[in-house]
Amino acid sequence: MIYWEIFMAFFIPGIIGYGGGPASIPLIQNEVVNRYEWLSINEFGEVLAIGNALPGPIATKMAGYIGYEQGGLLGAVVGTFATVAPSLILMIVLLSILYKYKNSPKVKRMTMFIRPTIAVLLGVMTYQFFFQSYQNEGWMQTAFLVVVSLLLLGKFKVHPAFVIIGALFYGAIFLS
1 MIYWEIFMAF
11 FIPGIIGYGG
21 GPASIPLIQN
31 EVVNRYEWLS
41 INEFGEVLAI
51 GNALPGPIAT
61 KMAGYIGYEQ
71 GGLLGAVVGT
81 FATVAPSLIL
91 MIVLLSILYK
101 YKNSPKVKRM
111 TMFIRPTIAV
121 LLGVMTYQFF
131 FQSYQNEGWM
141 QTAFLVVVSL
151 LLLGKFKVHP
161 AFVIIGALFY
171 GAIFLS
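Everything in the sequence shown is counted per UniProt numbering, starting at 1 for the first residue and increasing by one.
As structure tokens, this is what we get:
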């Protein structure tokens, strides 16, 4: 029964909390403080402060923590899943509709406009990462990592995950 309560305590705010984590925080507070009485208002404030201090979405961190406190590891999984389930369900429904009409001229035009936008956003992000690396680590380190990564990916066909792990190790050893 506790897992169902954990699920509902975070699923309902996820559905009606339009606007993401900050919009659903008062709804989560109502569920865990007023309805289920798992936390006092002060404890909820502390959990919220911790959630704000850590990187990532606030609601999922709070759901994981509160779910863990109430139902252990499975409670954390249930709470976190309940927080992302509304978005997940909506994405599955929308993607199934999009897939159903994939041959429609309107859908083809829509995807034709989305692809260049994504390419530009990825290009801007790449430039920002490159520029920040250049500023923080210098051109020699940046150029070395770029050349080695391109060789590993292009010439030697190394899986990108291994290139990323290698770059992380390189940074931890030589750039820290």
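Cβ atoms here follow ideal geometry from the backbone N, Cα and C, with glycine treated the same way.
Bear in mind the structure is a predicted one, so any value in this text is a computation, not a measurement.
Next on the checklist: Does the stretch 7 to 15 come into contact with the stretch 82 to 91, if we say contact requires no fewer than three beta-carbon pairs (one atom in each stretch) closer than 8 Å?
Outcome noted: Taking a cut-off of 8 Å on C-beta distances, the stretch 7 to 15 touches the stretch 82 to 91, as three or more cross pairs fall below it.
Checklist entry - In terms of residue numbering, what span does the alpha helix (DSSP H) encompassing N136 cover? => result Element bounds for N136: P105 to E137.
Checklist entry - Any Cβ of chain C within less than 8 Å of the Cβ of V84? => result The structure shown contains no chain C, having only a single protein chain.
Checklist entry - What's the call for I16, buried or exposed, on a 16-neighbour Cβ count within 10 Å? => result Burial call: exposed.
Next on the checklist: On the criterion of 16 or more Cβ atoms from any shown chain inside 10 Å, does F7 qualify as buried, or is it exposed?
Outcome noted: With 16 or more neighbouring CB atoms inside 10 Å of its own CB, F7 falls in the buried class.
Item to check | Residue span of the alpha helix (DSSP H) that contains G171, given as start and end | outcome: Annotation: the continuous alpha helix (DSSP H) that includes G171 extends over P160 to F174.
Checklist entry - For the alpha helix (DSSP H) that F44 lies in, which residues bound it at each end? => result I41 to A53 is the extent of the alpha helix (DSSP H) around F44.
Checklist entry - Just to confirm, are L150 and V158 a CB contact at a threshold of 8 Å? => result With respect to the 8 Å criterion, L150 and V158 are not classified as neighbours on the basis of their beta carbons.
Item to check | Own chain residues within Cβ distance below 6 Å of L39, not counting five before or after | outcome: Around L39: V32 and V33.
Checklist entry - Between I41 and the rest of its own chain, which residues show a CB-CB distance below 7 Å, the 5 nearest in sequence each way excluded? => result Taking C-beta separations shorter than 7 Å and ignoring five residues to either side along the sequence, the partners of I41 in its chain run V33, following chain order.
Item to check | CB-CB length for L98 against V107, believed under 8 Å | outcome: With a Cβ gap of about 6 Å, L98 and V107 count as contacting.
Checklist entry - Is W4 helix, strand or coil by DSSP? => result The answer is helix: DSSP assigns W4 an H, G or I state.
Checklist entry - Looking at L48 and I66, is the spacing between their C-beta atoms short of 8 Å? => result Cβ distance not < 8 Å, so I66 and L48 don't count as in contact.
Checklist entry - Quick one: what does DSSP say E37 is sitting in, helix, strand or coil? => result E37 falls in the coil class under three-state DSSP.
Checklist entry - Between Q141 and L88, is the Cβ-Cβ spacing less than 8 Å? => result No, Cβ-Cβ distance for Q141 and L88 is not below 8 Å.
Item to check | Closest Cα partner of W4 within the set F162, V78, A53 and T117 | outcome: Nearest C-alpha to W4: V78.
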